[in-house]
Amino acid sequence: MRLAPLLLSLACLVTWADDSLNDGPYVIHQGQTIEAAWVCQGQVQRLPVQSDRKLAIPCGELKGLALNRSNPVAPDIQPQPQRWAALSDIHGQAGIFQTLLKAQGVIDGMGNWAWGKGVLVIAGDIFDRGPTVNEALWQVYQLEQQARAAGGAVHFVLGNHEAMVLRGDLRYIHPRYQAVAQLLGRSYDQLYGRDTELGQWLRNRATVLKLGDTVFLHGGLHPELAQAAIDLKHINQRFRERLGASKAELAQDPEASYLMGSKGPLWYRGYFLPERATLADVDALLDRLGARRIVVGHTTQRELVSLYGGRVIGVDAGIKDGERGELLLWQDGKLWRGTMDGRRSELAAGEDSGGVLPGQE
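The sequence shown lines up with residues -17 to -1, 1 to 344 when you count with mature numbering (1 follows the signal peptide of the UniProt record, and there is no 0).
So, in structure tokens, the structure goes:
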């Protein structure tokens, strides 16, 4: 019985490790030099990055890539913007991600930032499952640059699959990336190691972000956290310190073990699944946070969902399936549901108060 999965994995590897495989870049810092590794038509190309930090693009669809001069620590708290949008759980579906942003006017037809001073938040899980993880990461990296230049912002807060990959848990990577890692001579997690550009960028992201009156994260905040002041800066710093740590290492650090465990911000599902948090629990969290709502991903729904009278919004609308996606938008004091056909409809608060949701009976 164990032989079948192995044979399937090897078959997938052969399928991707042929002359049609294009992927990259994987930018590696080597002392004072920087190298960009690519796989083009199944062959490895290693190109030096010049002092202008612009990348030559030998294959693939990415265009106009340039490296940041530095990758500073992402903010914990930001003021209320003119407008914001949020989604989550891209899971290697760069095409759906781009189609959705184009349909809602966040990017233009060429894939460039078109939303001025607006703010886009990706609530975790770009990694795993799908075949275009690296493309999606570079899209977000580049949009962050473009938005900043236009007076807006892009914030990527980490999800549980980022934490899994960075500690070497590779159970959910697409077979394409098994082939890429083999060709480049590094394990997949090492392609995002501390000596790589995206690895450095990822390790400086936040895990929880407060944007005006809204808190964004991947899984959720457990009601237990409302028993004391919630220090977002401390939570984010603890995640940065312990990203990549093994379970054995975390076991020696009770606070980090709790934060990175099932009750922590990356994994908690208690807004959706039994035993659900109560309305009083959510109100206590919001009071501690000084916020109006919490926006999360992680628990997949058919569409955006508003819970607890609009106090919790779930934005994992199934992009990972590669067929659909939705975008939550806030503008002029109202929340909107944006779909891939360009339509928007106002997102109703709903009457949920923490009981059993439809489908859970």
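Ideal Cβ positions, reconstructed from N, Cα and C, are used throughout, including at glycine.
Using DSSP with H/G/I as helix, E/B as strand and the rest coil, what is W96? In this structure, W96 counts as strand in the three-state DSSP scheme.
Would you call the segment 261 to 274 and the segment 225 to 241 touching, i.e. three or more CB-CB distances under 8 Å? Contact annotation: the segment 261 to 274 does not touch the segment 225 to 241, with fewer than three C-beta pairs closer than 8 Å.
Beta bridge counterpart(s) of E18 as assigned by DSSP: In DSSP, E18 forms a bridge with I11, P31.
When we look at the beta-carbon of E127 and count the other beta-carbons within 10 Å, is it buried (16 or more) or exposed? When all chains shown are included, E127 counts as buried.
Relative to the alpha-carbon of V278, which residue among A260, G292, V298 has its alpha-carbon at the smallest distance? Per the Cα distances, V298.
Rounded to whole angstroms, what's the CA-CA distance from Q87 to L200? Just pull it up for me. When rounded, the distance between both Cα atoms is 22 Å.
Can you grab the Cα-Cα spacing for the pair E309 / A119, in whole Å? About 16 Å.
Does the pairing of the segment 64 to 80 with the segment 100 to 117 give three or more beta-carbon distances under 8 Å? With the cut-off at 8 Å, the segment 64 to 80 and the segment 100 to 117 touch.
As assigned by DSSP and simplified to three states, the class of A68: Annotated three-state conformation of A68 is strand, per DSSP.
Cα-Cα separation, residue 345 to G337: Outside the displayed span of the chain (-17 to 344) sits residue 345, for which this structure offers no information.
Going by beta-carbon coordinates alone, are L215 and K193 separated by less than 8 Å? For the pair L215 and K193, the CB atoms are nearer than the 8 Å cut-off.
Is it the case that the Cβ atoms of A164 and S170 are separated by a distance below 8 Å? Yes, Cβ-Cβ distance for A164 and S170 is below 8 Å.
Residue range of the alpha helix (DSSP H) that includes R186: Its alpha helix (DSSP H) spans residues 180 to 186.
Could you check if M93 is buried or exposed, using at least 16 other CB atoms within 10 Å of its CB as the buried criterion? By the neighbour-count definition (other C-beta atoms within 10 Å, threshold 16), M93 is an exposed residue.
Give the single residue among D304, K303, Q24, G280 whose Cα lies nearest to the Cα of V295. Residue G280 is the option with its Cα nearest to V295.
Ends of the alpha helix (DSSP H) at R271? Looking at the DSSP string, the run of the alpha helix (DSSP H) that includes R271 is 262 to 272.
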